Every structure is written in C-alpha cells, then in structure tokens.
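Numbering (full-length UniProt numbering), first residue to last: 1 to 110.
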C-alpha cells in the first residue's frame, strides 16, 4: 500500500520557540494553513487534529512550519502523532468524529 492510499488521523502540537510568551498568532497562522489545505481539522487546547490522505496530512504540517518560520519564529518544535488502519474503511472526513463518538457511546451506557 502506497502512502497516498493510506488515510491518516493525526494530532499535532506546533510550538514556536524564541518568540514572545504568547504563541497565539503563530498558532492562528498554522490554522490558516490547515484550513487552506481542505483537510478536516479540529483545533483543541493543546494542538490540532487533522485527517486525510497520509501525504496531504504530512504536507499540511510541513506547510505550517514554513508559514510559522515566515512569520518570524526562528525555531519550531512539533509533536506529531499519526494513526492509520487497514482493517476498517474510514469514510473521509469522519475519522476523528467517529473516534470521539464511539467513546461517547460507551460512556452513555454507564
């Protein structure tokens, strides 16, 4: 299976270094990049979930680095977790949502 055929769910936290204490402007720039990519995403308190074809997900993270460096960050540290699966078909755009929904269904039974 080629990487472009794998559907990926990712969570990443991009941290500009050598900048002011607040990184909100840099995070907003990264969100603009992810939004422009057309990938489904969800921003949360300590990062961003994105999903789509493997190559597109990795490209979006790379483009965030390019944009945040262009905004003035001299260094960037990113934590990136990517999950894939081949035992179950994921309908594009529903991966992150379905993972959360499944946990909520289990909790609702309690």
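Here a beta-carbon is modelled for each residue, glycine too, at the ideal position from N, C-alpha and C.
All of these numbers come straight from a predicted model, not from anything done at the bench.
So which of the options has the shortest CA-CA distance to residue i?
| i | options | result |
| --- | --- | --- |
| residue 13 | 31, 110, 53 | 31 |
| residue 17 | 47, 75, 33, 44 | 75 |
| residue 38 | 98, 61, 24, 19 | 61 |
| residue 64 | 86, 87, 33 | 33 |
Grab me the residues of residue i's own chain with a C-beta within less than 6 Å of its C-beta, minus the 5 sequence neighbours each way, in chain order.
| i | result |
| --- | --- |
| residue 8 | 54, 57, 82, 84 |
| residue 49 | 11, 42, 96 |
| residue 6 | 54, 84 |
For residue i, which residues of its own chain have a beta-carbon under 7 Å away from its beta-carbon, when the five flanking residues on both sides are left out?
| i | result |
| --- | --- |
| residue 29 | 67, 68, 71 |
| residue 79 | 12, 13 |
Look at the Cβ atom of residue i, then the Cβ atom of residue j, and state whether they are nearer than 8 Å.
| i | j | result |
| --- | --- | --- |
| residue 51 | residue 35 | no |
| residue 108 | residue 19 | no |
Give the C-beta separation of residue i and residue j to the nearest angstrom, bearing in mind that I take them to be a contact with Cβ-Cβ under 8 Å.
| i | j | result |
| --- | --- | --- |
| residue 77 | residue 15 | 5 Å |
State buried or exposed for residue i, treating a residue as buried only when at least 16 other CB atoms are found within 10 Å of its CB.
| i | result |
| --- | --- |
| residue 116 | Nothing can be reported for residue 116: it is not among the residues displayed for the chain, which extend from 1 to 110. |
| residue 93 | exposed |
| residue 47 | buried |
Can you find the residues in the same chain that come closer than 8 Å, C-beta to C-beta, to residue i, ignoring five residues on each side of it along the sequence?
| i | result |
| --- | --- |
| residue 21 | none |
| residue 59 | 37 |
| residue 23 | 15, 16 |
| residue 99 | 9 |
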